[in-house]
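Numbering (the UniProt record's numbering), first residue to last: 1 to 883. The beta-carbon is built from N, C-alpha and C at its ideal position, and this holds for glycine as well.
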């Protein structure tokens with residue numbers, strides 16, 4: 001791109017910043033994307049506009065650059081240097097001031113906001129933590145930002161494609177200790193605190209802006225809609241700012257505690273606000289992670305609840321207004337090997353059926369399950385929650401959990417099978433028949449066990465149809481004949497055909513039910529009969545990339561780990577290339593030289609005569625000669641009858657060989673006076689014509705040696721790595737410098753040179769350290785941060801990645817800003833998987849999917865099951881985990 005300043009096109013600045021495109025334009029400056037050829041990176045350059053270039057704007061630019069140029073914080077946009085000035089028009093003294101900054105490729109927060117749409121909860125948790133950290137850092141360094149707003153909140157894209165929040169634009173910032181502010185009216189209207197409109201700015205003004213931003217993120221709208229007229233009227237009347245509507249009145253799913261946090265930050269009186277950004281975010285984060293009032297009372301224990309933030313780059317992954325997400329999911333890990341936690345959740349005792357057989361006929365239902373209101377239905381789809389006469393006839397009493405387990409173990413396999421058959425038979429009986437035949441249902445169940453030969457047929461018929469079939473068999477002549485002749489029960493072999501026909505009929509009916517979505521809930525009994533009643537739920541465990549930055553100091557010996565010191569030692573490698581012939585492309589012309597000589601003047605008058613410097617004398621051949629200095633010719637001597645004489649240096653007017661004139665070429669009267677005579681008693685010599693010649697330029701050498709330089713640098717780096725000891729690595733990239741040597745010398749020396757012999761030498765330097773020592777130093781700190789951010793349940797997966805940057809040398813010590821990162825994955829224990837299977841038993845696939853998606857530790861999931869209702873037996877549900 002080309003940037004116009006003072007009728008000049010700017011494509012590069014300082015010879016190293018190549019402008020690529022315009023990122024944005026404000027009232028005071030243009031921001032351009034540029035390529036830094038020296039550091040080989042993209043940068044953002046803020047260039048002040050000519051119309052705004054006054055001392056006030058220049059002071060603001062210098063303030064922005066000088067304040068944060070030396071700050072080192074992961075969430076503050078890095079300014080690479082102080083204010084720079086580019087002289088583009090020496091004749092008029094026109095200069096372009098600019099600042100070179102880090103380029104945040106993720107854009108700004110303003111572009112990600114949607115009117116009326118809340119930001120994602122995960123995005124709020126990540127953004128709020130990092131933004132408040134940056135504001136707190138600025139306040140600790142005595143700086144008030146004064147212009148916090150979404151346009152100044154940018155996103156840095158990291159090498160792994162995740163993102164970090166970075167705070168930018170400190171141009172309106174002021175010192176906390178300042179007695180007055182040059183830009184008292186600075187700021188953006190919707191985010192300005194009341195005291196800013198009166199010309200004051202204090203740290204609590206930034207807390208007010210943070211409150212506005214959090215309100216906007218949580219509700220999708222600004223808390224105040226004020227015009228300049230209204231603000232001026234309120235200031236004139238000394239009227240306090242009215243509190244905005246509580247956020248929960250706009251988004252009912254927001255916790256009420258969050259209202260108090262935000263409204264306190266937006267208080268008119270600064271003393272009533274939070275006094276620092278850390279306290280504000282601690283309160284806001286705690287309120288955001290509080291249980292939602294819409295959640296079942298079963299989940300009122302705060303320590304059983306955790307909402308886990310996702311990776312920093314995912315700022316739009318979960319809708320804050322989603323009831324599924326705010327429904328306070330159970331933290332299953334807190335239940336692992338912790339009876340106290342379970343009892344606190346569900347009570348010490350459980351309601352269980354009175355008899356073992358009746359107990360086994362229904363899957364064990366604990367109060368661990370969420371209220372069905374969470375799934376948007378007023379009635380549970382779990383079989384145990386459906387009213388029927390069989391369940392009503394069971395006498396429920398409280399039994400300890402240990403007794404329940406004992407009762408389960410006391411059942412024989414045959415009893416368990418019968419109880420499951422009874423459940424299936426009951427599910428095939430219409431509800432109205434179950435209500436009207438409460439007693440006969442249990443009688444039929446008991447009788448059905450007496451005939452094992454036709455159990456499969458009996459279980460597939462309703463009680464009324466079984467009675468009809470029994471009457472038909474008894475009235476059959478063949479049946480009466482067999483009973484009278486044998487005196488024993490009739491054989492059941494003919495019913496095998498009926499069983500096969502029934503199974504075939506069920507297959508056909510099942511196919512039709514699967515084809516019609518509205519009838520799919522009726523397929524669960526058929527799936528059970530066909531032996532396909534097993535579900536596999538595959539969960540992809542959530543993973544989170546944790547990263548943090550540390551300042552590590554390298555020392556030659558005796559490191560102090562409490563001060564983050566690390567043993568390092570320097571390594572150096574130098575390599576020189578063979579000379580190469582570089583042809584000259586530089587062309588120039590040497591100027592001509594004027595011929596020089598001397599002139600003898602004679603004065604025939606009796607008075608002295610003076611000639612000024614540069615007096616022109618024209619020779620007989622037309623050549624003009626100029627005197628080099630002023631001359632006074634003495635008068636003639638009347639006694640001796642001799643003219644006065646004087647000699648002066650002179651040169652030809654033209655720079656060529658024409659001025660090389662012979663002796664007495666000038667021999668004539670001079671200066672319009674008859675009594676003054678001039679002549680050259682010696683020839684004029686030394687005149688030369690202009691000449692063209694060539695020389696080797698710096699560009700010739702750089703382009704001709706480019707490939708050799710790259711090859712030599714690579715070889716020098718390799719030689720540097722060979723000096724590393726076992727287990728060592730280099731702290732950051734090695735620093736390599738190059739030097740060209742040429743014979744004849746490069747450049748215009750005033751002589752004709754057609755080529756030069758050029759060689760390049762490269763010297764690479766680095767600091768070596770022990771990888772094991774650094775891992776041992778940083779691993780506990782990163783693990784501590786992961787435990788704080790993620791809580792229990794996450795374990796590190798893989799190793800720790802380390803990246804060095806911003807090296808600084810001080811004497812024998814060298815320090816780096818080191819970024820350490822690692823991946824933590826949610827660990828699903830066997831107990832957690834069993835509890836999930838118990839909870840999901842009998843629920844619909846849609847409900848199971850919705851509930852699981854709201855649980856911590858679930859990144860994605862698949863459910864492999866042919867029906868719409870999961871099996872009622874938890875043993876028939878497999879929870880598979882993959883990372």
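By the neighbour-count definition (other C-beta atoms within 10 Å, threshold 16), residue 145 is a buried residue. DSSP places residue 218 in the helix class (H, G or I) of the three-state scheme. In the structure shown, residue 47 falls within a strand segment according to DSSP collapsed to helix, strand and coil. Taking C-beta atoms as the reference points, residue 611 and residue 671 count as a pair closer than 8 Å.
Counting C-beta atoms within 10 angstroms of its own C-beta, residue 147 has 16 or more neighbours from the protein chains shown and is therefore classed as buried.
Taking residue 216 as reference, the option from 226, 149, 195 with the minimal CA-CA separation is 149.
Judged by DSSP in its simplified three-state form, residue 15 adopts coil rather than helix or strand.
Residue environment for residue 163: buried (at least 16 other C-beta atoms within 10 angstroms of its C-beta). Non-local C-beta neighbours of residue 689 in its own chain, meaning closer than 7 Å and more than five positions away in sequence, comprise 592, 656, 657, ordered along the chain. With the rule of 3 Cβ pairs closer than 8 Å, the region 696 to 707 does not count as touching the region 616 to 627. When the beta-carbon positions are compared, residue 96 and residue 81 stay at least 8 Å from each other. Membership of residue 849 in any beta strand (DSSP E) is not indicated; the residue belongs instead to the alpha helix (DSSP H) covering 845 to 853. Residue 575 is classed as buried because its beta carbon has at least 16 other beta carbons within 10 Å across all chains shown.
Counting only runs of 4+ residues, the alpha helix (DSSP H) found wholly inside the region 786 to 873 occupies 830 to 840, 845 to 853, in chain order. Between the region 596 to 614 and the region 673 to 683, the count of Cβ pairs shorter than 8 Å is three or higher; the stretches touch.
Between the region 553 to 565 and the region 644 to 651 there are fewer than three C-beta pairs closer than 8 Å, too few to call the two in contact. In the three-state reduction of the DSSP assignment, residue 261 falls in the helix class, which pools H, G and I. Distance from residue 218 to residue 252 at the Cβ level is roughly 12 Å; contact not present, criterion being Cβ atoms closer than 8 Å. Spanning the alpha carbons of residue 623 and residue 19 requires a straight line of approximately 55 Å. In this structure residue 207 is not in contact with residue 134, their Cβ atoms being roughly 13 Å apart against a cut-off of 8 Å. According to DSSP, residue 30 shares a beta bridge with 25, 47.
Positions of the alpha helix (DSSP H) runs, each at least 4 residues long and wholly inside the region 705 to 770, are given as 706 to 721 in order along the chain. Residue 137 has its alpha-carbon roughly 13 Å from the corresponding atom of residue 279. Per DSSP, residue 607 lies in no beta strand (DSSP E) and is assigned neither H nor E.
Within the same chain, Cβ atoms closer than 8 Å to the Cβ of residue 768 are found at 568, 569, 570, 571, 723, 724, 725, 728, 729, 730, 731, the five residues on either side in sequence being excluded.
The residues 755, 757, in chain order, have a CB closer than 7 Å to that of residue 581 in the same chain once the five nearest residues on each side in sequence are set aside. According to the DSSP assignment, residue 554 belongs to the beta strand (DSSP E) that extends over 543 to 555. For residue 135, the enclosing alpha helix (DSSP H) starts and ends at 121 to 140.
According to DSSP, residue pairing for residue 101 in a beta bridge involves 44, 79.
About 27 Å separates the CB atoms of residue 629 and residue 640; that is not less than 8 Å, and the two are not in contact.
In the structure shown, the three-state DSSP call for residue 779 is helix. Residue 282: member of the alpha helix (DSSP H) spanning 277 to 288, first to last residue. By alpha-carbon distance to residue 37, the top candidate from 26, 22, 15, 23 is 15. Using a 10 angstroms sphere on the CB of residue 546, the tally of other CB atoms reaches 16 or more, which defines it as buried. Separation of the CB atoms of residue 43 and residue 106 is rounded to 15 Å, and the pair is thereby denied contact status at 8 Å. Taken through DSSP and simplified to helix, strand or coil, residue 569 comes out as strand.
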